[in-house]
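Read the structure below first, then the notes.
In the working numbering, the protein residues as written are 993 to 1265.
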């Protein structure tokens, strides 16, 4: 098997793995080790480490996760000096709709979860690209792919959540609210909630502001999922269809009622009844 995986090259190509999940890095490291024509020179757990590793090691291949906290894979590529741009194979949990952008522009990718057969197919494509000298127009095509992905949808249509060895796809329309928990968010959808590694600020920028409103520094709510608004002694509380209750912060109160198409003056203070 090792002989079959040996690229037709006089040297070992340098590879860098970038993924925020230790288990994913271990899988990529194990699979890559079956290809003696590639030498792993660095593993990065986040975008900052990747930005330091690329100019230092000048890899030929970058196995790059897209969804990472703080700096995602797209932002990493945007900040890399074009002179140091390697062949990139995206490692992603994006759904098939977004993945079409990779396929249309002939950019290599691995859709999580992937097996050794899919990894081998991707590596064959990468080796061919490297043997051809990186291929003219690759950098431009990579940029076109990123632009196409950004234009796939103005706002997120679904959440992709990794959960105990499987990936769940949660339509945004089913989400009642999203709460911040340190560098994570908790997505409430019906009677179930899911923890996902992302900040509330990041997810807020990807959601339609006509549907998801910031009601607290640590909470976003789907206005279509609000069952009622309670007021006690001048304080407001939102009751969602899933049963979750969220305080409506004074900071976001006026904007909330304007966006809701109502005024807080029409609400009856239950404490005075």
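Ideal Cβ placement from N, Cα and C applies to all residues, glycine included.
Buried versus exposed, by CB contacts within 10 Å (16 or more), residue i
i, result
"residue 1016", "buried"
"residue 1052", "buried"
"residue 1068", "buried"
"residue 1064", "buried"
"residue 1040", "exposed"
"residue 1048", "exposed"
"residue 1159", "exposed"
"residue 1208", "buried"
"residue 1073", "exposed"
"residue 1089", "Note that residue 1089 scores a pLDDT of 44, beneath 50, so its modelled location is shaky; the value from the coordinates is reported in the next line. With fewer than 16 other Cβ atoms within 10 Å, it is exposed."
"residue 1250", "exposed"
"residue 1206", "buried"
Anticipated Cβ contact below 8 Å, residue i with residue j, distance rounded
i, j, result
"residue 1147", "residue 1198", "6 Å"
"residue 1180", "residue 1215", "Between residue 1215 and residue 1180 the Cβ distance is about 14 Å, and since that is not below 8 Å, they are no contact."
"residue 937", "residue 1042", "Because the chain is modelled from 993 through 1265, residue 937 falls outside the range shown and cannot be assessed."
"residue 1004", "residue 1029", "6 Å"
"residue 1080", "residue 1054", "5 Å"
"residue 1012", "residue 1034", "Rounded, the Cβ-Cβ distance is 15 Å, inconsistent with contact."
"residue 1152", "residue 1164", "Residue 1152 to residue 1164, Cβ: 11 Å. No contact."
"residue 1056", "residue 1076", "Not confirmed; about 14 Å, so no contact."
"residue 1061", "residue 1191", "7 Å"
"residue 1099", "residue 1121", "10 Å between Cβ atoms; not a contact."
Per DSSP, the bridge partner or partners of residue i
i, result
"residue 1243", "BP columns for residue 1243 are empty, so no partner."
"residue 1185", "1180"
"residue 1074", "BP columns for residue 1074 are empty, so no partner."
"residue 1173", "1176"
"residue 1237", "1231"
"residue 1101", "1082"
Query raised in the report: Touching or not, the segment 1186-1197 and the segment 1223-1239, by the rule of three or more beta carbon pairs under 8 Å?
Result: Taking 8 Å as the limit for Cβ pairs, the verdict is that the segment 1223-1239 does not touch the segment 1186-1197.
Query raised in the report: Would you call the segment 1206-1223 and the segment 1168-1175 touching, i.e. three or more CB-CB distances under 8 Å?
Result: Touching, yes, given that three or more Cβ pairs across the two stretches are closer than 8 Å.
Report task. Could I get the ranges of all uninterrupted alpha helix (DSSP H) runs contained in the segment 1041-1070, with 4 residues as the minimum, in chain order? Result -> Whole alpha helix (DSSP H) segments, 4+ residues: zero.
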